Structure formats: C-alpha cells, structure tokens
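Asker:
Numbering (the numbering used here), first residue to last: 3 to 223.
(1) Rounding to the nearest angstrom, what Cα-Cα distance links residue 114 and residue 93 in this structure?
(2) Leaving out the 5 sequence neighbours to the left and right, which residues in its chain are closer than 8 Å to residue 30 when beta-carbon positions are compared?
(3) In chain order, what residues of the same chain have a beta carbon less than 8 Å from the beta carbon of residue 120, not counting five sequence neighbours either side?
(4) What does the Cβ neighbour count give for residue 11, buried or exposed, with the cut at 16 atoms within 10 Å?
(5) Can you find the residues in the same chain that come closer than 6 Å, C-beta to C-beta, to residue 78, ignoring five residues on each side of it along the sequence?
(6) In the DSSP assignment, find the alpha helix (DSSP H) that holds residue 149 and state where it starts and stops.
(7) Just to confirm, are residue 181 and residue 118 a CB contact at a threshold of 8 Å?
(8) In the DSSP assignment, find the alpha helix (DSSP H) that holds residue 111 and state where it starts and stops.
(9) From which residue to which residue does the beta strand (DSSP E) around residue 184 run?
(10) Taking only the alpha-carbon atoms, compute the straight-line gap between residue 91 and residue 68 and give it to the nearest angstrom.
Now the structure itself:
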C-alpha cells in the first residue's frame, strides 16, 4: 500500500464526517498518543512498569495516530507531494544535525542567513542584556530570543552569529526582517570568540564560516 492510496482512503473517511477542519484533526491525532504508553510500559525499557496491552493494540494505536495526522494534512490542503517533500526536508535536517562534529575542531560554522558576501568587523559577545553594543559590530550570542530582538538596535548590528538555532529560529527571522547577515547554530561561537576580536563571515552555500583575523603588528621605521 503506497502513500497515495492511503491518502485517498483517509479522504473518503473524512467525507463521511461532520468535522473536517485542521484543528479537529490535530485534536483527534493527539488523542491517539496513547501508543506512547506501549513504550513507557515496555518491560525492556522500564522493568518495574506493568505490561500495557498487546503488540496488535500498539500497532492499531500507532496506525490511528498516523491516519489522523494525514487527515490534518488533507484539511490543510497539503498534497502527497507536499508531504513527501516535507519528509525529505525533515530527514535532510536530521541527517545534517551532527554535521558540526565532522568539521575541524577550530572552525566556527553554521547555517547562513542573508549572507551573500564576506563581512568582517569587530565582534561583540553578549553576556548580559543590560550591556548591548554601542558600535556597529558583529553580534555574537549563545541564543537569540524575542526579548533581545526588542532591546537590540539593528542599526548597530553588522551581522549576527549564534551558538544555537536553526534556519527558522528567532535570530534567523530577525535577520531576514532587518536585512542583516546571520550565521546560526555554530555550537561554539561564544567559546571561541571574544569581544573586540576581528572576525570575518564567509558564505559557503547554505552554510557560513566564521574566522578570527589575526591582528597584524606594525613595526615603526
């Protein structure tokens, strides 16, 4: 049985029901999360727990959750192609989750947002929201939340670099809204960069690299 045939059968079932809207489908899908009890009561995972129903009942509960989830997709007018593309993107995102572990130890790399050219400048590492930059700097922060977005003056931010976050995090959305370049999810920027370090952001397709630029000492003649 392929996905197309499953979706068609779900559509047929929904046609016979009064409630076909997405919120109702979500509520029904969540009500089927009972299948999680099969995991929490698995004697291998939790020896002290009492057994919870049979394997066949577990399969039924999981199947009910899945078809109600498809019902939500149908209510939201998501096609089979949309669902498969979403799954592909989710798998790619999952597969990329540990990509930083494969990079060189001293490299600072993350997902690039609005980074179409090299950008260099002085770094400012945020340690407290009471001390925000006064100059035009490359902002470096562990995370970026809605409070920081409200407090920050975008005119003083040349670019943003974060330890945490993905392509749809607060920092990424803020960068898109304000037209600021950003690299998110580096995992270690605040550990490797200090305030006043001179850094450069380098675009590498969907990713971005942050490099510290060594200070050049000048000899007087």
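Glycine included, each C-beta is placed from N, C-alpha and C at the ideal position. Computed from a predicted model, the values in this text were never measured in an experiment.
Answerer: With the given structure in hand:
(1) 19 Å
(2) 70 and 73
(3) 202, 203, 204 and 205
(4) exposed
(5) 24
(6) Under the DSSP assignment, residue 149 falls in the alpha helix (DSSP H) whose first and last residues are 148–153.
(7) no
(8) Taken as a continuous stretch (DSSP letters only), residue 111 belongs to no alpha helix (DSSP H), being part of the beta strand (DSSP E) at 110–115.
(9) Its beta strand (DSSP E) spans residues 183–186.
(10) 19 Å
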